[in-house]
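All residue numbers for the sequence shown refer to the numbering used here, where the first residue is 104 and numbers rise by one.
A virtual CB, placed ideally from N, CA and C, is assigned to each residue, including glycine.
Note that the structure is a prediction, hence the values are computed from the model and not measured.
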Amino acid sequence: MRIAIMQPYFLPYAGYFRLFHETDLFVIYDCVQFIRRGWIHRNRFHNANGELTYLTLPLVKAPQEALITELAFADDASLRMQEQQNKLPLFKQASYLHTDYQKAMMQFSHHPVAYITQLLKLCCDTLQLPFNIAYSSALNLPKEIKGQDRIIAIAKHFHADLYINPPGGKDLYDATTFKQHNIALQFLPDYLGSYESILSRILSEDISILRQEISTQGTA
């Protein structure tokens with residue numbers, strides 16, 4: 104059982120999707136604190152001047168210590184999203200309009216985690232990647248279990264033999280500690296492709312080539 108445990112990112116870069124390709128189960132890590140300067144609720148797209156600008160999910164302002172599962176959409180989420188999209192050429196292209204992506208982007212009746220998950224699934228379906236997921240919040244782990252110990256607890260719950268993480272996690276996890284719990288630790292190699300949002304690339308590039316890029320830059 105190969106497992107990945109990652110926070111849900113909003114239309115992330117292609118390198119994120121290597122985790123779907125390389126694992127049997129992708130656990131959406133939604134039981135931890137919401138990082139305001141991260142990629143959970145925002146991504147960057149080119150504006151009319153060709154400059155990268157943030158497209159941010161219209162969330163209710165949350166306390167500093169709020170968990171990802173405690174996020175909520177604002178009452179005027181649809182209006183705020185449309186106003187942002189109107190400034191970004193990508194969302195006016197024929198390749199985007201009247202697609203499942205457009206519908207999902209305006210579906211604010213879901214919880215933000217479900218909203219992001221639906222977009223991840225759409226991307227995986229387009230890229231013909233497996234989409235087998237679980238939510239860490241469903242395990243109801245004690246708040247006292249944190250950091251590496253929390254990851255190990257989740258991996259053990261799902262009987263994982265191998266935990267796969269992006270290269271940025273090398274300073275966070277210790278292979279010896281994982282081995283003590285009969286779990287091997289493996290990191291993806293550095294990603295060499297574009298860090299543009301996957302949606303920008305799906306709408307403008309050959310899907311078969313994009314899929315090949317994701318599959319060949321895995322753990323191999």
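- A straight-line Cα-Cα distance of about 24 Å links Gln185 and Phe137.
- Where Ala180 is concerned, there is no enclosing beta strand (DSSP E), although the alpha helix (DSSP H) around it starts and stops at Ala180 to Gln188.
- Rounded to the nearest angstrom, the gap between the Cα atoms of Ala177 and Glu316 is 37 Å.
- Non-local C-beta neighbours of Arg121 in its own chain, meaning closer than 7 Å and more than five positions away in sequence, comprise Leu291, Ile317, Gln320 and Gly321, ordered along the chain.
- In this structure the segment 268-286 does not touch the segment 184-200; the number of beta carbon pairs closer than 8 Å is below three.
- DSSP places Ala287 in the strand class (E or B) of the three-state scheme.
- An exposed status is given to Ile312, since fewer than 16 other beta-carbon atoms sit within 10 Å of its beta-carbon.
- With contacts defined as CB atoms closer than 8 Å, Leu128 and Asn235 qualify as a contacting pair.
- Just measuring C-alpha positions, the residue of Ala107, Gly141, Tyr298 and Pro111 sitting nearest Gln221 is Pro111.
- Here Ser300 really is in contact with Leu114; their C-beta atoms are around 5 Å apart, less than 8 Å.
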